[in-house]
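Using the working numbering, you'd call the opening residue of the sequence shown number 10 and step up by one each time. Ideal Cβ placement from N, Cα and C applies to all residues, glycine included. Below is one structure; the comments refer to it alone.
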Amino acid sequence: MNFIQLKNIIPSSKNTLFLMCTALFFNAKITAQTNFPDIIKTKEGKLSFTTDNKGNQIPDFSYAGYMASEKAIPNVENKIFVPKQEEDATQRIQAAIDYVSNLKPNKSGFRGAVLLDKGTFKISGTLFIKKSGVILRGSGNNENGTILLGTGLKREAVIRILGIDDKKIGETFEFNTNYTPLGTKIIQLKNASKLKPSDEIIITKPLTDNWIKELKMDDFGAETGWVGWKKNDWDITWNRVVTKINRNEVTLNAPLTMALDDVYGTAKVNIYSWSGRIEQIGIENILLKSAYDTSKPKDEEHRWFGISIENARNAWVKQVSFKHFAGGAVSVLKSAQQITVEDCIATEPVSEIAGFRRHTFYTEGQQTLFQRCYSEYGYHDFAVGGFGTTGPNVFIQCESFLPFNNSGAIGSWATGVLFEISYVDGHALSYNNREQNGRGAGWTAANSVIWETSASKIECYNPPTAQNWAFGTWGGIMAGDGHWKDVNNHISPRSLFYAQLENRMEKLPVNPHIYDLGSEPSSSPTMEVAAELTKNSVAPKQSLVEWIAEVSKANPINTNNSGLKNANDLKINAAQNTVSDKKVTTKNGWLTYNNKVIAGNRLSVPWWRGSLRDSDISKSVPDVTRFVPGRTGTGFTDNINEVSDYLSTNNMVALEHNYGLWYERRMDDHERVRRFDADVWPPFYEQPFARSGQDLAWDQLSKYDLTKFNDWYWDRLSLFANVAEANGQLLVNQQYFQHNIIEAGAHWSSSPWRSANNINSTGFPEPPPYAGDKRIFMAEQFYDVTNPARRKLHQGFIRKSLDNFAENSNVIQLTSAEYTGPLHFMEFWLDEVQKWKDETGKKAIIGLSATKDVQDAILNDAQRAKTVDAIDIRYWYYKEDGSAYAPEGGKNLAPRQHARKLKTGKETDNQVYRAVREYREKYPEKVILYSTDGSPRFGWPALMAGASLANIPKIELPEFYTALREMKLVDENTFSDNLWKLENKGKSYLFYFKTDQDITIDLSNEKGTFEVYAINAATGTFNKKANISGGKQIAIPQAEIKEKVLFVVRK
């Protein structure tokens, strides 16, 4: 079939419209061929792609999709059958996937399909496909077919196609030209002798200052420079395969979607390998659903995504339906390429109506194809996001019904996007400059086309250095300085994509299933035609949903389970127990784990800041309650095990956690104004309270309910506590975050406690009394527990903070980050903690972290002092001159505000030792922590005075930490001594030298042999000095001790 000549002739008695469009196309472009690339029709009715004077042309979009659309999606043989089961099916289905994953692939790379029975399968976890050649297939994609019901609090996708991110970059090759045009498949290199056909290469164009300025993306006006594009924020990359080499001329397997101009930065080519990327993966014929709280129409404590695809190539999602997901149906991330998503329907999403929700069919990948997909009530239903996303990426016959925001390009500088034969019903299809929206998204699309498409609004703007085109568009509003052609006209061919594919392949490898316009469009039909059209008007137009069903019926999927292996015969591995049988305990005033003192640095989570740009992600540190929908890893939604690994790798033994200063990144501008809309920016720092689904808070999401809790937030903290406990690490849980109620007014403006942001009548004044229309002083009211409404809310929150970790031994509970609050609130807090202990019989490590006056008052209160397990010296210290830097509590000033008004002085080794030792001697049964801002520099003085969690380097001598548990302070030591000692007489001794000196070890009353180790105080490396015998005094001269630490232990 000649697709261009036959399929796309619109039925008409005289082919009037076809001829009209041909004429328009042919005549419109002749005079402007040197100004910009275009598409014209030849006299033979063929498409002709004209170039400008630099050789740029509109890209060939037909390389998008599975196998670059050169092959049809195969119907892979079933290998194993999973019968319906009532209990959770996560492990059973995963075992079936793993079974097929271990089969030998055939010549085409397929191992086989897992066939699921009809019925509902509950999925509390995530189904992973991590090997090539595996298909997950259901027995129908409706309520009578196969339903995978995502349950639980996880926000991950129900199914993750997840290869390994182990790409290795090899040799670099330089371009031999200073300009490579848009749309070309041929590049010129200086020396291609080390390349060969089939080599995989990555072409990289950097983000440079002069190009950013040319695009006017450095600043969007006012104080927006902080969200403007920055050099090296991200790179623009194309993954390509070498198909032909002629000397130094290299032919690629797909065109470039952007011109490479050395004026704006020099591009380069690298060969690469990627053994962990998986291929030939499919998800088919399933209905995916998310279980949610039906009493909450905006519930978000459920599954966010149906399917996500990462580190994969040549995969597909076919005939899959989706219901109730918060984040989206299919998410194709940046590491995916040549993906097809077809004949899919997504309905009834459940979430807040806000940014980074309801990205129904979404891609950041390369060469992705979405065709015949329907979505309703989404946010960005069909969207290309990310940064510098390179195409071609194509959407064909996609319909968005009554969305809450636009489809199109929504990230920064996506190139080679095609929307065709699509319909956005009730909102916009946009290629535009979002400016600072989307955290400085700026120009969203370049070198992209809209073809034969309708929307309530169409935006097609030309960015500097690039073009965008709109052909045959229909819209209520059509805006932009892009290249418009045949507005309010149907054009042929109806599909640019399939016309290009047919032209490239000569014969279409698949039936395109383009929905036919059908009837006569003429304004002057004959009487016979008018009568026929009148007769046909009785029935409604066929919907896209009906068309998808018709196409699916014409492309049946193999659901025959006869003779298949039964998944019930597979052995299921027992679920791993995440609760450790080893516990954190207190011994001789030390925090210990597995009989070893816990020592090392601590990691504090970020309070605010961040973006999804590569430059910011690379600088991120872990945070277990940070959330980025659909993305996992440091800077996104952290993998809990990876957080624990990060602590271990960096000699950190505790994570200090408090909830974020504010939920979303628009607030990073520190503005107090009500936000214009709910288009919130990630990363999201989740708050401990649940949204109510009622009214609108200051950020335009629904208000909080302070009596209900954010289950995901608390579950994440619990998961981390469990993993950390198994690894001998601690969670320091700062229950409150005082930063919200003092200093900049913006700290308060979006706080859940502010009256405008919750449904609980907290009684704080509205509008807030910002001092000087800028600052907030809400601490006194916040800490006032005589207010009955707030008192009850505080009680509920404190109890939740304790309940959440009731089974964990490794959580230190502190009142609040930055707590410089009053004595009376600390008393209230400790009283509530003690009530909880008494009522539940549970234990917890309760820390006292406050200003010195409040701390001492509590410790002098015999009853309340009993509740305290750990004394945290954090908001005061002794200065070099011996006086105390000790701001008073309850003065409505933050720590840094106190520091600006008082003489802070300098912390020194001697004074750190003094502070810790004073409290260690006075309260020997309690753990002492030293946590001032300068504390990481004073690990050894703090340890030698008896502090736990002291920041000393990792010492790979297991007996060191075991021996330390039994050591005690030496009575004759003082803070001014030049040698500090800890000892367990007759068994072990630890010496810290402040100055070079000889040392005598008195073992005259001891028996046995002792080992002497010298430890480098900075690195933790050690060497064994000697074995010495007891029964005498041992002198070690200064010349033999270059390190600052000496450890002596009996063998």
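- With respect to the 8 Å criterion, residue 383 and residue 362 are not classified as neighbours on the basis of their beta carbons.
- Taken atom to atom, the span from the alpha-carbon of residue 280 to that of residue 291 is near 28 Å.
- A Cβ-Cβ distance of about 18 Å is found for the pair residue 263 and residue 380, leaving them out of contact under the 8 Å criterion.
- Residue 188 counts as exposed, since fewer than 16 other beta carbons sit within 10 angstroms of its beta carbon.
- Of the candidates 356, 154, 1039, 108, 154 places its Cα closest to the Cα of residue 129.
- When DSSP reads this structure, residue 1058 sits in a beta bridge with 997, 1020.
- Per the coordinates, the alpha-carbon of residue 802 lies some 12 Å from the alpha-carbon of residue 793.
- Nearest to residue 813 by C-alpha distance, out of 869, 728, 190, is 728.
- Pairing residue 918 with residue 360, the inter-Cα distance amounts to about 53 Å.
- A distance of 8 Å or more separates the beta carbons of residue 693 and residue 718.
- Residue 707 places its beta carbon less than 8 Å from that of residue 759.
- Inter-residue distance for residue 452 and residue 475 is about 11 Å (C-alpha atoms, whole angstroms).
- In this chain, the beta strand (DSSP E) harbouring residue 1011 covers 1008-1011.
- For residue 158, the enclosing beta strand (DSSP E) covers residues 155-159.
- Excluding sequence positions up to five before and after residue 211, its CB lies within less than 6 Å of the CB of 246, 248, 279, 281, all in the same chain and listed in chain order.
- Counting only the Cα atoms, residue 261 lies some 58 Å from residue 818.
- The region 659-674 makes contact with the region 953-968, as at least three CB pairs between them are under 8 Å.
- The shortest CA-to-CA distance from residue 59 to any of 191, 636, 106, 393 is the one to 191.
- Measuring C-alpha to C-alpha distances from residue 856 to each of 505, 1046, 97, 665 identifies 665 as the nearest.
- The three-state secondary structure of residue 618, taken from DSSP, is coil.
- Excluding five sequence positions before and after residue 433, the CB atoms of its chain that fall closer than 6 Å to its own CB belong to 409, 416, 464, given in chain order.
- In the three-state scheme derived from DSSP, where H, G and I count as helix and E and B as strand, residue 683 is classed as coil.
- By the beta-carbon neighbour count (other beta carbons within 10 angstroms, threshold 16), residue 547 is exposed.
- The DSSP assignment places complete beta strand (DSSP E) segments of no fewer than 3 residues inside the region 222-285 at 244-255, 258-261, 277-282, in order along the chain.
- For residue 436, no alpha helix (DSSP H) segment is defined; the enclosing uninterrupted segment is the beta strand (DSSP E) at 432-440.
- Rounded to whole angstroms, the Cβ separation of residue 864 and residue 880 is 7 Å, and the two are in contact under 8 Å.
- Residue burial annotation: residue 298 is buried, with at least 16 other C-beta atoms found within 10 angstroms of its C-beta.
- Collapsing the DSSP output to three states places residue 883 in coil.
- No Cβ-Cβ contact shorter than 8 Å links residue 337 with residue 174.
- Leaving aside the five residues that flank residue 681 on each side, the residues in its chain whose CB is nearer than 7 Å to its CB run, in chain order, 754, 755, 758, 779.
- Residue 1051 counts as exposed, since fewer than 16 other beta carbons sit within 10 angstroms of its beta carbon.
- Ranking 335, 921, 91 by CA distance to the CA of residue 160 puts 335 first.
- The secondary-structure analysis by DSSP pairs residue 215 across a beta bridge with 244.
- According to the DSSP assignment, residue 904 belongs to the alpha helix (DSSP H) that extends over 904-910.
- In the pairwise beta carbon analysis, the region 105-113 is classified as not touching the region 78-86: fewer than three pairs are separated by under 8 Å.
- Runs of the alpha helix (DSSP H) spanning 4 or more residues and lying entirely within the region 560-648 occur at 623-627, in chain order.
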